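Worksheet for the structure shown next.
The structure is reproduced here in C-alpha cells:
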C-alpha cells in the first residue's frame, strides 16, 4: 500500500518501464498503482513522492 503526493491510496501493482506521452521520456522504474478494491490504475513516475500507507 502506498500514498501519493495527492493523498490517493493504492496498492502497488508493479514497477516497470513507462514512457511519458508528453515529454517522450522513458522512466525505467515507474510505479503502477491501483485503488484497493479495484478501479482505475494510475502511474507515479517519481517514487520519492510516495509514502508507505
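Residue numbers (this note's numbering): 106 to 158.
Beta carbons: idealized from backbone N, C-alpha and C, even for Gly.
Remember, it's a predicted structure, so these values are computed and weren't measured experimentally.
Short Cβ contact (8 Å threshold) for residue 127 with residue 158:
Here residue 127 is taken as the residue at index 22 of the chain shown, counted from 1. Here residue 158 is taken as the residue at index 53 of the chain shown, counted from 1. In this structure, residue 158 does not lie closer than 8 Å to residue 127 by Cβ.
How many Å lie between residue 119 and residue 154 at the Cα?
Counting from one through the chain shown, the residue named residue 119 turns up at place 14. Counting from one through the chain shown, the residue named residue 154 turns up at place 49. The straight-line gap from Cα to Cα measures roughly 16 Å.
Compute the Euclidean distance between the alpha carbons of residue 150 and residue 116, then round it to the nearest angstrom.
The residue given as residue 150 occupies position 45 in the chain shown. The residue given as residue 116 occupies position 11 in the chain shown. Their backbone Cα atoms lie some 15 Å apart in a straight line.
Tell me, which residues are paired with residue 115 by DSSP?
Here residue 115 refers to the residue found at position 10 of the chain shown. Residue 115 pairs with 107.
Residue span of the beta strand (DSSP E) that contains residue 138, given as start and end:
What you label residue 138 is simply residue 33 of the chain shown in a count that begins at 1. From DSSP, the beta strand (DSSP E) with residue 138 extends over 131 to 139.
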